[in-house]
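Heads up: the sequence shown begins at 1 in the UniProt record's numbering, then just goes up one per residue.
What follows is a set of notes on a single structure, which appears directly below.
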Amino acid sequence: MDVYYAYTYGTAGWLTLQAAPLIITPTIIITLLSPDVREPTVLEEYFSRSLGMTLFTLGIMIILLTGSVPLTSSFSDSSLIYPLSSIPLLTTLVATSAAVTTSEADPKAPYAVPTLTISLLYHSASAFFLYARYNTSGQSSFALGAIAYAALASVGLWCVLFASSGGRISRKTGADKRTSGFPFGNKESASAKKKQMGKAI
């Protein structure tokens with residue numbers, strides 16, 4: 001799960017890094033991107049700040065919905081260690097800090113896998129868009145952005161395939177769980193050899 005947390009915090013960090021200059025200094029960003037030197041309009045400043053706040057909010061939502069920050073409204077019975085009810089008028093509950101899993105039954109992060117998938121699609125689309133802009137304009141800043149988004153998309157894809165409980169790739173053998181033997185049987189697989197050993201005995 002360390003890669004999972006690295007992905008969620010890396011995504012939030014990357015989006016915050018992009019959002020900060022858009023919110024704090026939109027005039028400088030607009031002036032840098034404009035081909036001619038002119039004063040930015042009020043609408044350009046509004047859209048710049050609005051995009052910055054949207055990126056920042058998206059980063060926070062990814063952290064919250066993936067369960068990186070536990071948001072439970074009440075303590076469950078399994079999370080209680082010891083109720084300190086001996087102090088009058090003060091009852092304190094001490095809870096364990098169990099790690100969040102990507103299981104759909106985990107009450108700590110019910111939206112972890114859908115949020116992970118949507119953020120993966122966002123990173124993939126952004127990487128594709130920036131790569132296309134780099135090919136048409138030739139500016140290296142688009143290439144750097146495409147590399148960063150592609151790296152996050154790669155880690156996100158790894159998390160969807162391997163770190164989620166409903167992953168399609170077996171952690172034990174590395175084989176795809178969705179494959180079948182139709183129309184040819186796999187005589188070299190571990191399960192086929194196990195069946196042959198059972199028949200021989």
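Ideal Cβ placement from N, Cα and C applies to all residues, glycine included.
C-alpha distance - residue i paired with residue j, whole-angstrom precision
i    : j    : result
A143 : M197 : 55 Å
V3   : C159 : 7 Å
I29  : Y111 : 35 Å
A146 : K194 : 47 Å
T136 : R38  : 25 Å
G70  : R133 : Correcting the residue type first, residue 70 is Pro in the shown sequence and not Gly. When rounded, the distance between both Cα atoms is 38 Å.
Assigned exposure category for residue i - 16 Cβ within 10 Å defines buried
i    : result
S85  : The predicted position of S85 is uncertain, since its pLDDT is 48 and thus under 50; a value taken from the coordinates is nonetheless stated next. Exposed, by the Cβ-count rule.
V155 : buried
S48  : buried
T54  : exposed
Sequence-distant residues of the same chain with beta carbon closer than 7 Å to residue i, five excluded per side
i    : result
T11  : G59, I62, S119, L152
Y149 : H123, S126, A127, L130
F8   : Before going on, a small fix: residue 8 reads as Thr here, not Phe. Same-chain partners within the cutoff: I62, I63, T66, S68.
Delimiting residues of the alpha helix (DSSP H) encompassing residue i
i    : result
F128 : 112-137
L64  : 42-65
P21  : 2-24
S140 : 140-158
Residues of its chain near residue i, where Cβ-Cβ distance is below 8 Å and the 5 sequence neighbours each way are ignored
i   : result
S34 : P40
G13 : G59
Same chain, Cβ closer than 6 Å to residue i, five either side skipped, listed in chain order
i   : result
L15 : L55, L58, G59
P26 : E45, S48, R49
L51 : L22
message: Does the contact criterion of 3 or more C-beta pairs under 8 Å hold for the stretch 111-121 versus the stretch 56-69?
response: Flag = yes, the stretch 111-121 and the stretch 56-69 touch.
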